[in-house]
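The structure appears right after this line, and notes come after that.
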Amino acid sequence: PIVWVYCAEIFPMRCRARALGVTTVANWVGNFIIAQFTPVMLDTIQFSTFFVFGFFCFLGVLLSAYIPETKGVPLENIQELF
Numbered sequence: 136p137i138v139w140v141y142c143a144e145i146f147p148m149r150c151r152a153r154a155l156g157v158t159t160v161a162n163w164v165g166n167f168i169i170a171q172f173t174p175v176m177l178d179t180i181q182f183s184t185f186f187v188f189g190f191f192c193f194l195g196v197l198l199s200a201y202i203p204e205t206k207g208v209p210l211e212n213i214q215e216l217f
């Protein structure tokens, strides 16, 4: 859920609607790919599927350390953070 808030904040006003559309499509495509490959991975590599998803979760935690805090920053000033 926090991804939707962050995507809504990081884009400038002039292209926010289009950029949110692109991020929504990317999210749905990513979810579709995960839904299609998970059964195949469970059949081929079985329990190691857990390690694949665990790796990406760990990568997400590392990435979150580099995302700046936007609490209390007006939308007009968000672009300066990036």
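Under this note's numbering, the first residue of the sequence shown carries the number 136, and numbering increases by one thereafter. Just so it is clear, CB atoms sit at the ideal spot from N, CA and C, and this is done for glycine as well.
Query: As assigned by DSSP and simplified to three states, the class of Q181; Result: coil
Query: Short Cβ contact (8 Å threshold) for E144 with L198; Result: no
Query: Residue-level contact to chain B via CB, L216, 8 Å cutoff; Result: The structure shown has no chain B; it contains just one protein chain.
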